[in-house]
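Peer 1:
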Amino acid sequence: MKTAETKGGDELTEEQRTILKALSRAGAPCGAKEIAATTGLESKLITSCLTTLKKTGLIDSPVRCKYTLTPTGRALL
């Protein structure tokens, strides 16, 4: 799995970066199913990545089961 450095030195996987890009293009909070439809990634992988991205502060969940980028997440793109 390819990775990229984040500002804090943590590594971002290729899948996590793909999810961040999908959220950026969405323009509105979206759920795992919408992300799966646009990225082609498996739902289980997306759910796992979303949990990690939320814990690291790169995404937020303003509405239950819907996700959007934080300013920190947007800065990585």
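So the sequence shown is numbered by the UniProt record's numbering: it starts at 1 and just counts up by one.
We treat Cβ as the ideally placed atom computed from N, Cα and C, and that holds for glycine.
#1: Taking L69 as the reference, which of T39, E14, G40 and P29 has the closest Cα?
#2: I'd like the list of long-range same chain contacts for residue 96, defined as Cβ closer than 8 Å, with 5 residues on each side in sequence excluded.
#3: Can you list the alpha helix (DSSP H) stretches of 4 or more residues lying completely in the region 29–68, in chain order?
#4: Buried or exposed, going by whether 16 or more other CB atoms sit within 10 Å of the CB of G73?
#5: Return the Cβ separation of I32 and T56 in integer angstroms, given the expectation that the two are a contact with Cβ distance under 8 Å.
Peer 2: Walking through what the data contain:
#1: Taking the Cα of L69 as reference, the smallest distance to any Cα among T39, E14, G40 and P29 is reached at P29.
#2: Nothing about residue 96 can be read from this structure; the chain reaches only from 1 to 77.
#3: Fully enclosed alpha helix (DSSP H) runs of 4 or longer: 32–39 and 43–55.
#4: Counting the other CB atoms within 10 Å of its CB gives G73 a total of 16 or more, which places it among the buried residues.
#5: Reading off the sequence shown, one finds Ala at residue 32, where the question assumed Ile. Contact between A32 and T56 fails: their C-beta atoms lie close to 17 Å from each other, not under 8 Å.
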